[in-house]
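Heads up: the structure comes next, in structure tokens.
Number of protein chains: 2
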Amino acid sequence: MKLEPHFKLWLETEDGYVFGQGSFELLHGIEEKGNLKAAAEELHMSYRYAWGVIKKIGDTLGQPIVIAHRGGKVGGGGAELTETGKKLLETYLKFKSDLTQICSKTEV
Amino acid sequence: MKLEPHFKLWLETEDGYVFGQGSFELLHGIEEKGNLKAAAEELHMSYRYAWGVIKKIGDTLGQPIVIAHRGGKVGGGGAELTETGKKLLETYLKFKSDLTQICSKTEV
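Residue numbers (this note's numbering), protein chains in the order written: chain A, 419 to 526; chain B, 419 to 526.
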């Protein structure tokens, strides 16, 4: 009988849910590509939906997590994480990494 | 900005999902009370539903996880975990405890 542990991770504030795997992947893509449109496309999200996700998190936290670069080239979507966005990403990644490490030790 | 990590844990075999928080609570109750009816009631499950949960897990694993004591007193429901049932409970509890410990270290 081989049993493998699996988990789902998310972050909450006092007000409840803020940040899970989907938003993690989006922020990770923005950090990597410097571009919201490209990050959203890779996750098969529309640009509009992706902005909605980001705006909702920012509203919950009372601080923006992504800054858009306006007035850039056509077809742009240039964007970068704020310090708050980076902190979210790092926090999620840290816990995800620790949980993954524990859950990879299957003994059964 | 205070961020708290939360998680959901479950166990899988090669065939997929087997055991999560609900089944954990049920098995834990059976171990504690030695009685399926009492364990189910505490979780607001019907006796029939609880047996369904237990049977499904046993079918997936190809081994029973709970043995019912038949022919007992009226209003009985006496039951105990098999070795497989105990192993499931212990495995889940071990990982849950490790993940809880990690997720209680909030620094943000």
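Positions of the beta carbon are idealized from the N, C-alpha and C atoms, including for glycine.
Run through the DSSP bridge pairs and tell me what residue i is partnered with.
| i | result |
| --- | --- |
| residue 499/B | 484/B |
| residue 518/A | DSSP lists no partner for residue 518/A. |
| residue 507/B | Looking at the DSSP assignment, residue 507/B forms no beta bridge with any residue, so it has no partner. |
| residue 430/B | 422/A and 435/B |
Check this for me: beta carbons of residue i and residue j, under 8 Å apart or not?
| i | j | result |
| --- | --- | --- |
| residue 429/A | residue 423/B | yes |
| residue 431/A | residue 420/B | yes |
| residue 513/A | residue 520/B | yes |
| residue 496/B | residue 452/B | yes |
| residue 517/A | residue 484/A | no |
| residue 456/A | residue 464/A | no |
Does the beta carbon of residue i sit closer than 8 Å to a beta carbon anywhere in chain B?
| i | result |
| --- | --- |
| residue 513/A | yes |
| residue 498/A | no |
| residue 509/A | yes |
| residue 478/A | no |
| residue 432/A | yes |
| residue 492/A | With a pLDDT of only 47 at residue 492/A, under the threshold of 50, the placement of this residue in the model should not be trusted; the figure read from the coordinates follows. Not one chain B Cβ lies under 8 Å of residue 492/A. |
By the DSSP assignment, the alpha helix (DSSP H) with residue i in it spans what residues?
| i | result |
| --- | --- |
| residue 446/B | 439 to 451 |
| residue 459/B | 454 to 460 |
| residue 477/B | 465 to 479 |
I want to see whether chain A comes within less than 8 Å of residue i, judged by CB atoms only; does it?
| i | result |
| --- | --- |
| residue 550/B | Any answer about residue 550/B is impossible in this case: the structure gives chain B only from 419 up to 526. |
| residue 501/B | no |
| residue 426/B | yes |
| residue 420/B | yes |
| residue 518/B | no |
| residue 429/B | yes |
Specify, as a first and last residue, the run of the beta strand (DSSP E) that residue i falls within.
| i | result |
| --- | --- |
| residue 421/B | From DSSP, residue 421/B is part of no beta strand (DSSP E); its letter is neither H nor E. |
Three-pair Cβ contact test at 8 Å for the region 496 to 504 of chain B versus the region 499 to 511 of chain A: no
Do the region 457 to 472 of chain A and the region 433 to 447 of chain A make contact, defined as three or more Cβ pairs closer than 8 Å? As far as the Cβ criterion goes, the region 457 to 472 of chain A touches the region 433 to 447 of chain A, which means the pair count is three or higher.
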